[in-house]
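Contents: one structure, followed by commentary.
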Amino acid sequence: MLRLENVTKIYDGGVVAVKDVALDINKGEFVFLVGPSGSGKSTLIRLMMREELPTNGEIWIAGKHASALSPWKVPQLRRSIGTVFQDFKLLPNKTVFENVAFAMEVTGKSRSSIHTQVPQVLKLVGLSAMADRYPRSLSGGEQQRVSVARAFVNRPLILLADEPTGNLDPATSVGIMRILDRINRTGTTVVMATHDHAIVDAMRRRVVQLDRGRVLRDESRGVYDSSYTETPAQPDEEAVAPDVTDDDGTTNPATAEAVLDDVAEVPAAELIEKLEAAAELEEA
Amino acid sequence: MTSLFYSLREAFTNISRNGLVVLGAVLAVFVSLTLTFGTLVIGEVVRVNTLQWSEDVRVSAYLRDDVSPSGIADLQAEMESWEEVDEVFFMSKADSLDEARILLANRPAALRVIEDDPSIVPASLRIKPLDAADYQTIVTRAEATPGTLRVESAGEVIDGMISLRDGLQLMSLFLAVALGAAAVALIANTIHMAIYSRREEIEIMNLVGASNWFVRTPFLLEGAIEGFIGAALAVAVVVAGLRVAGNQLTDLPEWINIQIQSDYLLQAGALVLLFGVVAGLVGSGLSLAVHKYLKT
Numbered sequence: 001m002l003r004l005e006n007v008t009k010i011y012d013g014g015v016v017a018v019k020d021v022a023l024d025i026n027k028g029e030f031v032f033l034v035g036p037s038g039s040g041k042s043t044l045i046r047l048m049m050r051e052e053l054p055t056n057g058e059i060w061i062a063g064k065h066a067s068a069l070s071p072w073k074v075p076q077l078r079r080s081i082g083t084v085f086q087d088f089k090l091l092p093n094k095t096v097f098e099n100v101a102f103a104m105e106v107t108g109k110s111r112s113s114i115h116t117q118v119p120q121v122l123k124l125v126g127l128s129a130m131a132d133r134y135p136r137s138l139s140g141g142e143q144q145r146v147s148v149a150r151a152f153v154n155r156p157l158i159l160l161a162d163e164p165t166g167n168l169d170p171a172t173s174v175g176i177m178r179i180l181d182r183i184n185r186t187g188t189t190v191v192m193a194t195h196d197h198a199i200v201d202a203m204r205r206r207v208v209q210l211d212r213g214r215v216l217r218d219e220s221r222g223v224y225d226s227s228y229t230e231t232p233a234q235p236d237e238e239a240v241a242p243d244v245t246d247d248d249g250t251t252n253p254a255t256a257e258a259v260l261d262d263v264a265e266v267p268a269a270e271l272i273e274k275l276e277a278a279a280e281l282e283e284a
Numbered sequence: 285m286t287s288l289f290y291s292l293r294e295a296f297t298n299i300s301r302n303g304l305v306v307l308g309a310v311l312a313v314f315v316s317l318t319l320t321f322g323t324l325v326i327g328e329v330v331r332v333n334t335l336q337w338s339e340d341v342r343v344s345a346y347l348r349d350d351v352s353p354s355g356i357a358d359l360q361a362e363m364e365s366w367e368e369v370d371e372v373f374f375m376s377k378a379d380s381l382d383e384a385r386i387l388l389a390n391r392p393a394a395l396r397v398i399e400d401d402p403s404i405v406p407a408s409l410r411i412k413p414l415d416a417a418d419y420q421t422i423v424t425r426a427e428a429t430p431g432t433l434r435v436e437s438a439g440e441v442i443d444g445m446i447s448l449r450d451g452l453q454l455m456s457l458f459l460a461v462a463l464g465a466a467a468v469a470l471i472a473n474t475i476h477m478a479i480y481s482r483r484e485e486i487e488i489m490n491l492v493g494a495s496n497w498f499v500r501t502p503f504l505l506e507g508a509i510e511g512f513i514g515a516a517l518a519v520a521v522v523v524a525g526l527r528v529a530g531n532q533l534t535d536l537p538e539w540i541n542i543q544i545q546s547d548y549l550l551q552a553g554a555l556v557l558l559f560g561v562v563a564g565l566v567g568s569g570l571s572l573a574v575h576k577y578l579k580t
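This is the structure we're talking about:
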């Protein structure tokens with residue numbers, strides 16, 4: 001589904017963000033990109049949505065040779081990719097419904113399919129009752145769920161999430177992870193860049209650890225920390241920003257594990273039921 | 285079809301959302317196109333007037349008394365064959381005397397000279413040039429033709445009028461170009477601001493895979509609509525101004541004619557409207573081409 005061959009990205013000014021990365025992500029996988037700030041997670045996400053072109057190497061996205069794709073074909077490629085960001089990127093002058101519908105409107109979907117699909121997706125993320133609210137009246141977690149709904153409403157093959165829980169408290173983060181997990185279970189490939197130890201450790205999915213633009217570790221059922229992170233800093237290399245994830249915004253591991261284990265074991269139908277129940281509870 | 289409707293709706297939403305900026309652009313187009321159209325109209329007034337006046341330009345070739353009537357007819361035929369010449373009229377001695385009496389009415393001394401001996405007023409051929417600017421060639425050729433006594437024309441006056449006409453036309457062309465460029469730049473600026481104010485929407489459109497045309501069309505339409513409104517106002521104001529001028533300036537000297545063919549107004553007005561729309565499209569196109577939020 002996603003294939004990177006010896007990808008290097010050097011930004012203007014000579015900053016090497018990604019160096020010689022090879023990565024193969026299959027359909028339906030759930031992959032965490034972890035690593036300290038400046039390790040190249042966000043650049044990898046941007047390369048995977050063809051927001052950036054690699055300086056060297058080749059990229060295939062959803063069967064298309066993205067690094068050789070002409071610019072006018074990019075919109076078509078983007079329709080097979082959903083994106084979620086730390087800062088939600090919702091339009092403040094549109095309601096929840098309109099924000100989600102926007103992704104369908106601007107890709108030319110019919111009015112009738114908008115009116116059937118948007119409510120479905122809002123139900124999936126547990127926001128049916130808030131369709132007419134504006135983003136400013138929603139909590140951060142609710143806003144991020146709108147953002148996930150928008151990313152998923154066009155049924156993309158791939159969902160890319162760049163620190164989707166970065167602005168959220170631990171309990172709210174768990175809610176977002178449940179939804180991403182649910183989306184993954186529909187067969188959508190999910191790639192998520194994160195700092196959040198607890199979430200990564202609880203989910204036990206594939207973990208790709210980056211350090212200074214290189215892949216340090218790639219484990220199929222990995223955890224956030226491992227002995228590899230203890231790599232001593234090279235004295236001749238530029239200092240990178242320290243890993244600050246220990247200090248703020250990390251989820252309480254015990255809670256996260258409990259909730260996510262619970263989620264991981266239930267079949268999809270039951271999960272939807274649970275999500276709907278949760279949504280109704282919030283509506284009440 | 286849906287997307288055309290969408291684009292139009294977005295364009296109008298934009299216009300209503302950024303009222304002041306849009307007002308600025310429309311006013312800019314209005315002012316510059318009013319000046320442009322006004323200059324065109326004034327240029328047309330000048331053209332019509334100099335045209336009328338240059339219709340009246342004549343070269344007078346006075347004839348020697350010893351040229352026989354058949355010789356005069358030959359001369360007239362010869363001059364009419366010159367390529368610079370439109371028509372040649374014969375003024376007999378009697379006609380010339382009548383004309384001289386009128387022209388010299390307020391110069392008694394000169395009048396007395398011709399009344400004392402009317403035969404000194406020569407007969408003449410009056411030559412009408414095809415183009416007033418060619419009068420000098422006609423004068424030179426007529427002077428070289430046997431049988432002419434003296435050749436006269438209002439040389440300096442003709443040169444003055446011609447250079448005035450050409451100068452005014454050049455100036456109006458220059459003004460039209462400069463003001464047109466200003467209108468394009470101002471629309472480009474407005475669209476630039478409109479894009480900036482909608483950068484989040486554009487970013488999301490790009491993320492979810494809206495096609496490039498889908499993102500750009502509303503801005504192109506917005507520019508075209510602003511250009512059209514500004515141009516329509518300009519046309520309305522100039523036409524109204526011309527009406528008012530026509531009604532108010534009734535005691536102009538009769539040699540100035542400010543009436544303009546409605547054909548010309550219609551044509552020039554349509555051209556100004558078209559220019560407004562094109563200026564809007566070019567302006568927003570320029571802005572779209574340079575804007576970083578639209579890079580893919």
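One line per chain: the protein sequences are L and P, in this order. Residue 202 in the numbering used here sits at position 202 of the first sequence, and the numbers go up by one each step. Residue 416 in the numbering used here sits at position 132 of the second sequence, and the numbers go up by one each step. The beta-carbon is built from N, C-alpha and C at its ideal position, and this holds for glycine as well. Note that this is a predicted model, so its numbers are computed, not measured.
Just to confirm the assignment, what range does the alpha helix (DSSP H) spanning residue i have?
i: residue 377 of chain P; result: 377 to 387
i: residue 572 of chain P; result: 546 to 574
i: residue 5 of chain L; result: Not the alpha helix (DSSP H): residue 5 of chain L falls in the beta strand (DSSP E), residues 2 to 10.
i: residue 424 of chain P; result: 419 to 427
i: residue 46 of chain L; result: 41 to 48
i: residue 77 of chain L; result: 74 to 78
i: residue 202 of chain L; result: 197 to 203
i: residue 395 of chain P; result: 392 to 400
Check the DSSP bridge columns for residue i and list the partner residues they point to.
i: residue 84 of chain L; result: L/161
i: residue 410 of chain P; result: P/344, P/373
i: residue 476 of chain P; result: According to DSSP, residue 476 of chain P bridges with nothing at all.
i: residue 209 of chain L; result: L/34, L/217
i: residue 492 of chain P; result: Looking at the DSSP assignment, residue 492 of chain P forms no beta bridge with any residue, so it has no partner.
i: residue 288 of chain L; result: For chain L, the structure presents residues 1 to 284; residue 288 of chain L sits outside this window and is missing.
i: residue 193 of chain L; result: L/33, L/162
i: residue 64 of chain L; result: L/61
i: residue 24 of chain L; result: L/3
Restricting to Cα atoms, I'd like to know which of the options is closest to residue i.
i: residue 566 of chain P; options: P/546, P/474, P/507; result: P/507
i: residue 550 of chain P; options: P/574, P/523, P/531; result: P/523
i: residue 186 of chain L; options: L/11, L/21, L/27; result: L/27
i: residue 161 of chain L; options: L/129, L/179, L/102, L/202; result: L/179
i: residue 520 of chain P; options: P/482, P/319, P/422, P/443; result: P/319
i: residue 43 of chain L; options: L/222, L/194, L/201; result: L/194
i: residue 559 of chain P; options: P/545, P/466, P/492; result: P/466
i: residue 108 of chain L; options: P/512, P/571, P/289; result: P/289
i: residue 478 of chain P; options: P/438, P/571, P/329; result: P/571
i: residue 403 of chain P; options: P/516, P/307, P/382; result: P/382
i: residue 171 of chain L; options: L/196, L/159, L/183, L/154; result: L/196
i: residue 192 of chain L; options: L/123, L/76, L/48, L/16; result: L/48
i: residue 141 of chain L; options: L/124, L/152, L/167; result: L/167
i: residue 544 of chain P; options: P/562, P/388, P/369, P/525; result: P/525
i: residue 205 of chain L; options: L/211, L/91, L/189, L/53; result: L/189
i: residue 305 of chain P; options: P/480, P/474, P/514; result: P/474
i: residue 330 of chain P; options: P/342, P/472, P/448; result: P/448
i: residue 366 of chain P; options: P/429, P/401, P/291, P/292; result: P/429
i: residue 16 of chain L; options: L/218, L/212, L/225, L/219; result: L/212
i: residue 199 of chain L; options: L/163, L/217, L/216; result: L/163
i: residue 511 of chain P; options: P/424, P/557, P/352; result: P/557
i: residue 400 of chain P; options: P/385, P/413, P/423; result: P/385
Considering just the uninterrupted stretch of the beta strand (DSSP E) at residue i, what are its terminal residues?
i: residue 515 of chain P; result: No beta strand (DSSP E) holds residue 515 of chain P; the alpha helix (DSSP H) holding it covers 496 to 532.
i: residue 184 of chain L; result: That residue, residue 184 of chain L, is in no beta strand (DSSP E); its alpha helix (DSSP H) goes 170 to 185.
i: residue 355 of chain P; result: Taken as a continuous stretch (DSSP letters only), residue 355 of chain P belongs to no beta strand (DSSP E), being part of the alpha helix (DSSP H) at 353 to 365.
i: residue 432 of chain P; result: 432 to 436
i: residue 293 of chain L; result: A question about residue 293 of chain L goes unanswered here, because the residues of chain L that appear run from 1 up to 284.
Check whether the Cβ of residue i sits closer than 7 Å to any heavy atom of the ligand COA, and report yes or no.
i: residue 469 of chain P; result: Only the bare structure without any ligand can be found here, which leaves the ligand COA out of the picture.
### Task
Return the residues of the stretch 101 to 114 of chain L that lie within a Cβ-Cβ distance of less than 9 Å from chain P, sorted by chain order.
The stretch 101 to 114 of chain L vs chain P, Cβ under 9 Å: 102, 103, 104, 105, 106, 107, 108, 110, 111.
### Message
As an exercise, report each continuous alpha helix (DSSP H) stretch of at least 4 residues that is fully enclosed by the stretch 99 to 160 of chain L, in chain order.
### Response
DSSP runs (the alpha helix (DSSP H)) wholly in the stretch 99 to 160 of chain L: 111 to 124, 140 to 152.
### Message
Taking beta-carbon pairs under 9 Å, can you tell me which members of the stretch 477 to 489 of chain P lie near chain L?
### Response
484, 485, 487, 488, 489
#### Entry: chain P contacts made by the stretch 87 to 98 of chain L, where a contact means CB separation under 7 Å
89, 91
### Query
Which residues, taken in chain order from the stretch 65 to 77 of chain L, show a beta carbon closer than 9 Å to some beta carbon of chain P?
71, 72, 74, 75, 76, 77
### Task
Please list the residues of the stretch 493 to 516 of chain P that have a C-beta atom closer than 7 Å to any C-beta atom in chain L, keeping them in chain order.
493, 494, 495, 496, 498
### Task
Taking a Cβ distance cut-off of 7 Å, strictly less, list which residues of the stretch 300 to 313 of chain P are near chain L, in chain order.
none
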